[in-house]
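> Could you have a look at this structure, given as structure tokens, before my questions?
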């Protein structure tokens, strides 16, 4: 029996992990047809079917699962050995893929990314800004960045930002001549700028005070799917918006927006970078986390 190549075994592992020839091919940088032919050749060489294929999905057979269980630790050990060689050169290399929402991506671009790319010139960073929460393992990302409450429990997380809060804001022109809301339910008598989530649902505004929690499907003729546009619309007098305080901070400071219901808007866990704890952490991601902690510590020292 001809022994399979490392490339073939790596390709099989990718197909089994992604449950898709297309996604695995994209991750490996090869064509779907060449990957399919490689898997057929691997099965012929081993004399056993490794993958069950349908028109919609692909999954390991019992023999494939058995091979995958033994193959996983071997490939992880190989990755660690290659990373050790990279560490001995003093600089990691390769591509680091991170999935984040737009506000997190903007924060990273202002703080961590410039220092990271300057310090590690052999690294390439693929930063994908995406509204919806994705499975970073399935989509072949090394890490994700989301609010702490959205991080899956089986992930290792590292703080990116301090605690934050969502606040209700409106322009002086909108507030002029109107009674400012004193409790969340008062918003039912106002124009509110609603938010469309990536899932297609409209976001319901969440409030909490002294242990009391209120969730409102606020009224409003305008719905937007961008925090930035919501801040602009509120500044233009179109109604109340419920946005991260950081997104409205500049306009709050210069008086273009005013905050209401502040005591109903508690702080929540801020942004976190997260990654699978059961997988080998590549050198490029470890280096990114080191820079992230360095930047955060320097901000704390200044404060």
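In the working numbering, the protein residues as written are 902 to 1204. Even for Gly, the Cβ is constructed at its ideal location relative to N, Cα and C. Predicted model, so just to flag it, every value in this text is computed and none were measured.
1) Could you tell me which residues DSSP pairs with residue 1160 in its beta bridges?
2) Give me the Cα-Cα distance between residue 1125 and residue 969, rounded to the nearest whole angstrom.
3) Quick check: the Cα distance between residue 919 and residue 1060, rounded to an integer number of angstroms?
4) Between the stretch 1163-1174 and the stretch 954-969, do at least 3 Cβ pairs fall closer than 8 Å?
5) Leaving out five residues on either side along the sequence, give the residues of the same chain with a beta carbon under 8 Å from the beta carbon of residue 1192.
6) Beta-carbon within less than 8 Å of residue 1173's beta-carbon, same chain only, minus the 5 sequence neighbours each way: which residues are those?
7) My assumption, with CB atoms under 8 Å, is that residue 1070 sits in contact with residue 1158. Please give the rounded CB distance.
8) Would residue 1065 pass as a contact of residue 1168 if the rule is Cβ separation under 8 Å?
9) Excluding sequence positions up to five away, which residues of its chain have a Cβ less than 7 Å from the Cβ of residue 1142?
10) Taking the continuous beta strand (DSSP E) assigned at residue 995, which residues delimit it?
11) For residue 904, is the classification buried or exposed, using 16 other Cβ atoms within 10 angstroms of its Cβ as the cut-off for buried?
12) Find the nearest neighbour of residue 921 within the set 1181, 942, 976, 1038, judged by alpha-carbon distance.
13) Between residue 1085 and the rest of its own chain, which residues show a CB-CB distance below 8 Å, the 5 nearest in sequence each way excluded?
14) Starting from residue 1205 and walking both ways along the beta strand (DSSP E), at which residues does that stretch end?
Based on what the coordinates show:
1) 1070
2) 45 Å
3) 28 Å
4) no
5) 1013, 1016, 1017, 1020
6) 1046, 1047, 1048, 1049, 1052, 1058, 1059, 1060, 1061
7) 4 Å
8) yes
9) 1070, 1094, 1131, 1132, 1134, 1135
10) 995-1001
11) exposed
12) 1038
13) 1106, 1108, 1115, 1117, 1162, 1165
14) Because the chain is modelled from 902 through 1204, residue 1205 falls outside the range shown and cannot be assessed.
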